[in-house]
Amino acid sequence: GRHLPLASDPALEAPTQFAMEIYNRGRDPGAAAVLQSVRGRSLKMAQGVLYSLEVTLAEPPCSPPTACKHPQSSGTLLCRFEVLDQMWAKQTLLEQDCGQPGSQPLPWSSDHQPPPGLPSKARNQSSPDAGLLAEPHSSSLPRMGDSVELISLFKDFLTTYNKSYANATETQRRLGIFARNLELAHKLQELDQGSAQYGVTKFSDLTEEEFRMFYLNPLLSSLPGRALRPAPRARGP
Amino acid sequence: APASWDWRDHGALTAAKNQGMCGSCWAFSVTGNVEGQWFLRRGALLTLSEQELVDCDTLDQACGGGLPSNAYTAIETLGGLETEKDYSYEGRKERCSFSPDKARAYINSSVDLSRDEQEIAAWLAENGPVSIALNAFAMQFYRRGVSHPFRPLCSPWFIDHAVLLVGYGDRSGIPFWAIKNSWGPDWGEEGYYYLYRGARACGMNTMASSAIVD
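Note that the protein sequences, when read in sequence, are chains F and L.
Using my numbering, read the first sequence as starting at 1 and increasing by one per residue.
Using my numbering, read the second sequence as starting at 1001 and increasing by one per residue.
Okay, here's the thing in structure tokens:
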């Protein structure tokens, strides 16, 4: 993942515009919420790019007030959007959650108990400004408030899988990858439609690129396989 | 197909193996399939060699990846597979040292299976474990349970891992495929992955195949 500075990266514009279009869908132009600021980050995956956006928007005053769908939502709102941008498909809005700034924790994981292997408090939820989205690129490592639990998990990981690194710099780098992978596992957990549990595995210190390079097989989707004769259908009960 | 089936209950599977840091999943998927076919046709469960395929299958690219369909051809051309004990796994390509007189299992041909999951289940229950390939995106952080990844995150167009389908059933009403992986017993459920059945999850139905032992 890449932590982006506030609204300074053009890459955020398209997913933000898409999220706002979805948000304002069905409204008259004069009644549409107006984007005020955006900050976010992108997570590049094999399947596309996942944008996590923290958007401040202004809801127009209701006129008449009874026309407000959610009267409490007029004024300034803080929304969190997750947009998946795939090369071969349209953008998809995976998540939308809005509230008054400061009135509630950011929705990330607030309704989800993390599975075993995930920190119960992967990020500070008490203040939108303290959310992980606000972190600069260089601080993808856990913040102070979260570091004890995360480092404890990382130590357990090193012990369980008998891992060691060449030096402190590499250890620090792997801790950063580990932290980002926990976020990704958390996202998989939130979106899983079965009963699976995702979390720390022996591959949790690998970037997606490393994992693909060392353990996967890109030829399966890039080479045409030799045609085999069709199997006869099963016959017996 | 029967409502559930698991070839582990019928002695057709060897222990979970570990491919290490080598993209040789295709070899593990195919040897697992041949181990099952040999057991069902000849009555002996042999642990067969993946390293032979990594070293000697010139149609594929060793740790750089390969295709099960090529591996079947290689096994036929070479004249069989040695056992793991005779040709043990190193996790890197080395010079081919296959000895025909050490081959202990042979195949006669290979087949492509239907893409219909019901038909795959029926074929598996009747004929043995099946080599498949899937999108492994959700597997890096999988620990246990029946995995049913959000479809856009597990597209059938990005097939990148070959595994072995060994059974199917339901867990608390969730239909699953039981899949033998090659990342060692310390991954997943003792080396196994459980994937949602009935939705072509992660493209698991796109490349099902098997060797045939007459």
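From the three backbone atoms N, C-alpha and C, an ideal C-beta is built for every residue, glycine too.
Cα-Cα separation between residue i and residue j, rounded to whole angstroms
i: T1083 of chain L; j: Q1118 of chain L; result: 33 Å
i: G40 of chain F; j: D85 of chain F; result: 14 Å
i: L1124 of chain L; j: V1111 of chain L; result: 13 Å
i: R233 of chain F; j: Y1194 of chain L; result: 25 Å
i: L93 of chain F; j: D1116 of chain L; result: 30 Å
i: L1153 of chain L; j: R226 of chain F; result: 28 Å
i: S1088 of chain L; j: L1081 of chain L; result: 12 Å
i: V1166 of chain L; j: P1129 of chain L; result: 5 Å
i: Y215 of chain F; j: T1014 of chain L; result: 21 Å
i: Q72 of chain F; j: P61 of chain F; result: With a pLDDT of 49 at Q72 of chain F, under the threshold of 50, the predicted position of this residue should be treated as unreliable, though the coordinate-derived value follows. Whole-angstrom Cα-Cα distance: 11 Å.
i: V1030 of chain L; j: V83 of chain F; result: 38 Å
i: T160 of chain F; j: N217 of chain F; result: 27 Å
i: G1023 of chain L; j: Q1051 of chain L; result: 12 Å
i: A33 of chain F; j: R180 of chain F; result: 32 Å
i: E1094 of chain L; j: G1020 of chain L; result: 15 Å
i: L1053 of chain L; j: W1183 of chain L; result: 18 Å
i: E208 of chain F; j: A14 of chain F; result: 24 Å
i: I151 of chain F; j: N162 of chain F; result: 16 Å
i: A1199 of chain L; j: P1002 of chain L; result: 18 Å
i: D1086 of chain L; j: A1105 of chain L; result: 13 Å
i: L50 of chain F; j: N1033 of chain L; result: 37 Å
i: R80 of chain F; j: L53 of chain F; result: 6 Å
i: E1126 of chain L; j: T1047 of chain L; result: 22 Å
i: A1044 of chain L; j: E1035 of chain L; result: 9 Å
Which listed residue (the options) has its alpha carbon closest to that of residue i
i: M1207 of chain L; options: L:T1014, L:L1040, L:F1158; result: L:F1158
i: L1078 of chain L; options: L:R1092, L:S1069, L:Y1089, L:A1103; result: L:A1103
i: G194 of chain F; options: L:S1004, L:W1187, L:D1170, L:G1020; result: L:D1170
i: R27 of chain F; options: F:E190, F:E59, F:D9, F:L12; result: F:E59
i: Y1196 of chain L; options: L:R1151, L:I1212, L:P1185, L:C1022; result: L:R1151
i: R1144 of chain L; options: L:E1189, L:E1076, L:S1024; result: L:E1189
i: M1204 of chain L; options: L:W1187, L:Y1192, L:V1163, L:D1186; result: L:V1163
i: Q1140 of chain L; options: F:V49, F:T76, F:Q197, F:Y165; result: F:Q197
i: R235 of chain F; options: L:A1122, L:W1007, L:L1045, L:L1040; result: L:A1122
i: K155 of chain F; options: F:M213, F:A14, F:T201; result: F:T201
i: G199 of chain F; options: F:T207, F:F211, F:E183, F:R212; result: F:E183
i: A219 of chain F; options: L:D1186, L:A1138, L:K1180, L:S1069; result: The residue asked about is misnamed: residue 219 of chain F is Leu in this sequence, not Ala. Checked all of L:D1186, L:A1138, L:K1180, L:S1069; the closest Cα to L219 of chain F is L:S1069.
i: K1017 of chain L; options: L:R1200, L:I1212, L:I1179; result: L:I1179
i: G1221 of chain L; options: L:R1092, L:C1056, L:W1187, L:Q1037; result: Absent from the model: residue 1221 of chain L. The displayed extent of chain L is 1001 to 1214, so no value can be given.
i: P224 of chain F; options: L:I1120, L:D1060, L:A1138; result: L:D1060
i: G1191 of chain L; options: L:F1028, L:A1001, L:W1005, L:S1004; result: L:F1028
i: D1006 of chain L; options: L:W1026, L:A1138, L:Y1168; result: L:Y1168
i: G176 of chain F; options: F:L153, F:L188, F:L191; result: F:L153
i: D9 of chain F; options: F:L191, F:F157, F:V38, F:D97; result: F:V38
i: D96 of chain F; options: F:S222, F:L228, F:I22; result: The residue you asked about is not Asp; residue 96 of chain F is Gln in the sequence shown. When only C-alpha atoms are compared, the closest one is F:I22.
Cβ-based neighbour list, residue i, same chain, cut-off 7 Å, excluding 5 preceding and 5 following
i: D1160 of chain L; result: N1135, A1136
i: R174 of chain F; result: Y165, D205
i: A11 of chain F; result: S42
i: N24 of chain F; result: A32, A33
i: D992 of chain L; result: In the structure displayed, chain L extends from 1001 to 1214; residue 992 of chain L sits before or after that span and is not available.
i: D111 of chain F; result: Confidence is the limiting factor: at D111 of chain F the pLDDT is only 34, short of 50, which leaves the residue's position unreliable, though a coordinate-based value still follows. Result list for D111 of chain F: empty, nothing under 7 Å.
Beta-carbon contacts of residue i that lie in its chain and below 8 Å, excluding the five residues immediately before and after
i: T1058 of chain L; result: A1074
i: L76 of chain F; result: For clarity, residue 76 of chain F is Thr in the given sequence; the question names Leu instead. Within the same chain, T76 of chain F has close Cβ partners Q36, T56, L57, A58, E59, Q100, P101.
Neighbourhood of residue i by C-beta, 6 Å cutoff - its chain only, sequence neighbours within 5 removed
i: Y1072 of chain L; result: S1110, A1211
Margin query: Tell me whether the segment 1064 to 1080 of chain L and the segment 1173 to 1185 of chain L touch, counting them as touching only if at least three CB pairs, one residue from each stretch, are closer than 8 Å.
Written below: Inter-segment contact for the segment 1064 to 1080 of chain L and the segment 1173 to 1185 of chain L is absent: fewer than three beta-carbon pairs are separated by less than 8 Å.
Check: What residues from the segment 203 to 226 of chain F come within 9 Å of chain L, judged by C-beta to C-beta, listed N to C?
Finding: Residues of the segment 203 to 226 of chain F that bring their beta carbon within less than 9 Å of a beta carbon in chain L comprise F203, S204, L206, E208, F211, R212, M213, F214, Y215, L216, N217, P218, L219, L220, S221, S222, L223, P224, G225, R226, in sequence order.
Check: Taking Cβ-Cβ distances below 8 Å as the criterion, which residues of the segment 1062 to 1082 of chain L are in contact with chain F?
Finding: Result list: G1064, G1065, G1066, L1067, P1068, S1069, N1070, Y1072, T1073.
Notebook entry, point to check: Listed from N- to C-terminal order along the chain, which residues in the segment 1151 to 1163 of chain L have their beta-carbon within a distance smaller than 8 Å of any beta-carbon of chain F?
Noted result: The segment 1151 to 1163 of chain L vs chain F, Cβ under 8 Å: P1152, L1153, C1154, S1155, W1157, F1158, I1159, D1160, H1161, A1162.
Next item on the list: Please list the residues of the segment 183 to 198 of chain F that have a C-beta atom closer than 8 Å to any C-beta atom in chain L, keeping them in chain order.
Entry: So the close ones are L184, A185, L188, L191, D192, Q193, G194, S195, A196, Q197, Y198.
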